[in-house]
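K.L.:
Residue numbers (our numbering): 454 to 762. We treat Cβ as the ideally placed atom computed from N, Cα and C, and that holds for glycine. I'd like to ask some things about the structure below.
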């Protein structure tokens, strides 16, 4: 026996044809990347290894990740690095506003890492970013994708809602049965209550949440999550295929076919969501600007009013 035989590499899962994307090579992609580096901004597009980065950055659409690039949690699905984050950057809000202006964004999505180390979980920085955008690019609509602000949610949500983002997104990610292994630092019903409290404080703010498929969830469990979301008056549901970012992360249990996403979307629409986006490559901020227009139109139609011009 040869003791020098190299260890076999773990076999990579072969992705189905519908999940493959081309590597980004456009001029627009390079310019967007250069701008983010110049302003010292992190993006979830890069940190979470989003498969849509080439398409979005070519169109100068980027989802800014505030509060640094290091998360205090270690979720089994997420590629963002874990550790002790650096101090909050006081220049970050203005840099986000400059990026929105230079990219010419009509709609911007702001997300963040979890910051369990901060007394407010990072809520004040969301408020400062919203305020900076309102000052510098007042016509840009603002969508935020926040963490759960564990044990601080009530005060955090109240302060952010007062700053009046146009869309408040917080992802449930998966079914409650899988939380202990997939999202161990979070609590399913706490996340539901957070979204419910946004509507309670300001019913005019659109609420949004997302689910991943392929982690071992059952179809009826997904239907129950949809019912829970509607009970919390969530307006917009996004659903996409989970992709394993590294061998250390949770394995893909199943690749959900496009037809199955279509079936989920039909059921969700029947349950009363204003808008549903469901496909293998759907992500929380994918086509968010166009979807915001659809959300407004759907609300106007539900209220029996002509869409505002």
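Going by beta carbon distance, what residues of the same chain come within less than 7 Å of residue 600, once the five residues before and after it are set aside?
P.N.:
Closer than 7 Å at Cβ, skipping near neighbours: 565, 567 and 574.
K.L.:
For residue 519, write down the residues that DSSP places opposite it in a beta bridge.
P.N.:
According to DSSP, residue 519 bridges with 565.
K.L.:
Please classify residue 594 as buried or exposed, where buried requires at least 16 other C-beta atoms within 10 Å of its C-beta.
P.N.:
It counts as buried.
K.L.:
Alpha carbon to alpha carbon, how far is residue 624 from residue 740?
P.N.:
Rounded to whole angstroms, residue 624 to residue 740 spans 16 Å at the Cα level.
K.L.:
Just grab the DSSP bridge partners of residue 534 for me.
P.N.:
Its beta-bridge partners are 523.
K.L.:
What would DSSP say about residue 682, mapped onto helix, strand or coil?
P.N.:
Helix at residue 682.
K.L.:
Measure the alpha-carbon distance for residue 728 versus residue 746 and round it to whole angstroms.
P.N.:
The straight-line gap from Cα to Cα measures roughly 11 Å.
K.L.:
Whole angstroms are fine: how far does the CA of residue 700 sit from the CA of residue 462?
P.N.:
Any reading at residue 462 is ruled out, since the residue's pLDDT is 46, under 50, leaving its predicted position unreliable.
K.L.:
Go through its chain and collect everything with a Cβ distance to residue 691's Cβ below 6 Å, but skip five positions before and after it.
P.N.:
Within the same chain, residue 691 has close Cβ partners 663, 730, 735 and 737.
K.L.:
Would the beta-carbon of residue 669 fall within 8 Å of that of residue 631?
P.N.:
Going by C-beta atoms, residue 669 is nearer than 8 Å to residue 631.
K.L.:
Which residue comes first and which comes last in the beta strand (DSSP E) that contains residue 596?
P.N.:
Run containing residue 596: 594-598, per the beta strand (DSSP E) assignment.
K.L.:
Can you give me the Cβ contacts of residue 659 inside the same chain, cut-off strictly under 6 Å, excluding the 5 residues immediately before and after it?
P.N.:
Cβ within range, chain order: 620, 688 and 748.
K.L.:
Residue 728 bridges to which residues according to DSSP?
P.N.:
Answer is 689, bridged to residue 728.
K.L.:
For residue 715, tell me which candidate among 755, 685, 666 and 657 has the shortest Cα-Cα distance.
P.N.:
Out of 755, 685, 666 and 657, 666 has the C-alpha closest to the C-alpha of residue 715.
K.L.:
At a cut of 8 Å, does the segment 583-594 reach the segment 544-560 through at least three beta carbon pairs?
P.N.:
With the cut-off at 8 Å, the segment 583-594 and the segment 544-560 touch.
K.L.:
Where does residue 677 land, buried or exposed, given buried means 16+ other C-beta within 10 angstroms?
P.N.:
Under this definition residue 677 is an exposed residue.
K.L.:
Between the C-alpha atoms of residue 653 and residue 483, what's the straight-line distance to the nearest angstrom?
P.N.:
Their Cα atoms are separated by approximately 42 Å.
K.L.:
May I have the straight-line CA-CA distance separating residue 608 from residue 680, to the nearest angstrom?
P.N.:
Approximately 27 Å, taken between the alpha carbons.
K.L.:
Report the residue from 717, 756 and 706 whose alpha carbon sits nearest the alpha carbon of residue 467.
P.N.:
When each option's Cα is compared against that of residue 467, the closest is 706.
K.L.:
Given 8 Å as the limit, is there contact between the segment 636-653 and the segment 523-537, that is, 3 or more CB pairs closer than that?
P.N.:
Contact between the segment 636-653 and the segment 523-537 is present, because at least three Cβ pairs lie under 8 Å.
K.L.:
Taking a contact to mean a Cβ-Cβ separation below 8 Å, would you say residue 576 touches residue 613 in this structure?
P.N.:
Yes, they are a contact pair.
K.L.:
Around the Cβ of residue 570, are there at least 16 other Cβ atoms within 10 angstroms (buried) or fewer (exposed)?
P.N.:
Under this definition residue 570 is an exposed residue.
K.L.:
Please specify which runs of the beta strand (DSSP E), each continuous and at least 3 residues long, are wholly inside the segment 707-757, giving them in chain order.
P.N.:
The segment 707-757 contains these whole beta strand (DSSP E) runs: 728-731.
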